[in-house]
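Down below is the structure, laid out as structure tokens.
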Amino acid sequence: MKQAFWKIGCLVCMLSLVVVFACAKPPTQEIADAEKAIADAKMKEADLYVEDVFTQAQNEIKKAGEMVVAKKFAEAKTAALEAKKLALQAGALIDQNKQKMKDSLEAMLPDVQKSLDDLKTTTAAAIKKKAGASKDELQSVIGKLELDMSAVKQQIEEGKIRQAYDLAKAISEQAAAQKQSLTDAMDQQAAAKK
10 MKQAFWKIGC LVCMLSLVVV FACAKPPTQE IADAEKAIAD AKMKEADLYV EDVFTQAQNE
70 IKKAGEMVVA KKFAEAKTAA LEAKKLALQA GALIDQNKQK MKDSLEAMLP DVQKSLDDLK
130 TTTAAAIKKK AGASKDELQS VIGKLELDMS AVKQQIEEGK IRQAYDLAKA ISEQAAAQKQ
190 SLTDAMDQQA AAKK
């Protein structure tokens, strides 16, 4: 009798669990909250200043959607909650990372200006020695880089720190590459005269 009672009790418990899990609903509110948190973080430019955490949040919300399709609602809820947590974390780190990038940019600007000045000096020497590209081409390159440098300063004033940082790095790289190209051309010309 006791054994039959336990068997019936276990059967009732199992059926109850099946009913509970079969009636589980998708975590629509959690997913909506996570999507809103991600959208808010993107609006604050988390995708520019906290890329890694923001990308993790996007991956988690995508995972939550996939879990809903697979009818794994518990996993979907967990992923949605994690996505929201990551999006909020990204939002909290934006100002800090933006300030770090601005400080780094401001420290980099004198070096960028120096590389631009070095390029001007090398260009003047190359024009004088008639090495490398034509005078007009070289002046055009310098003019473009100077315009880009002005754009960097304007972007800093507008608070577009990431764009200014990327442009400043590009200017520095272009100036260094152009200077190296002119130096090589002058060296080749000097070697040819020997």
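So for the sequence shown, the working numbering puts the first residue at 10; every next one is plus one.
Cβ atoms here follow ideal geometry from the backbone N, Cα and C, with glycine treated the same way.
Determine the direct distance from the alpha carbon of residue j to that of residue i, and round the result to whole angstroms.
i	j	result
threonine 87	alanine 79	14 Å
glutamine 164	alanine 173	6 Å
alanine 50	alanine 73	18 Å
alanine 194	valine 121	23 Å
serine 124	alanine 83	57 Å
alanine 177	tyrosine 58	16 Å
alanine 199	leucine 114	38 Å
leucine 154	alanine 179	9 Å
methionine 117	lysine 94	34 Å
leucine 147	lysine 138	13 Å
lysine 109	isoleucine 103	10 Å
glutamate 54	serine 181	25 Å
isoleucine 89	leucine 97	Note that residue 89 is alanine in the sequence shown, not isoleucine. For alanine 89 and leucine 97, the distance between alpha carbons rounds to 12 Å.
aspartate 196	aspartate 56	45 Å
alanine 41	lysine 71	12 Å
glycine 152	proline 119	18 Å
alanine 133	glycine 168	35 Å
leucine 191	isoleucine 170	31 Å
alanine 99	lysine 111	18 Å
glutamine 67	alanine 48	10 Å
For residue i, I'd like the list of residues in its chain whose CB is within less than 6 Å of its CB, leaving aside the five on either flank, ordered along the chain.
i	result
valine 77	Pro35, Ala85
glutamate 91	Glu69
glutamine 65	Leu95
Can you name the start and end residues of the alpha helix (DSSP H) that residue i belongs to?
i	result
glutamate 84	82-138
glycine 152	144-166
alanine 79	Run containing alanine 79: none; DSSP gives neither H nor E here.
lysine 202	170-202
DSSP state of residue i, grouped into three classes?
i	result
lysine 71	helix
lysine 51	helix
valine 62	helix
lysine 45	helix
Return the chain-ordered list of same chain residues with a C-beta closer than 7 Å to the C-beta of residue i, the five sequence neighbours on each side being excluded.
i	result
glutamine 187	Leu128, Val150
lysine 144	Ile136
glutamine 183	Leu154
alanine 160	Leu176
aspartate 126	none
Please return the same chain residues whose Cβ sits closer than 8 Å to the Cβ of residue i, not counting the five positions on each side in sequence.
i	result
aspartate 61	none
asparagine 106	Tyr58, Val59
Please confirm whether any heavy atom of the ligand ADP lies closer than 7 Å to the CB of residue i.
i	result
serine 124	As for the ligand ADP, it is missing from this structure, which has no ligand bound.
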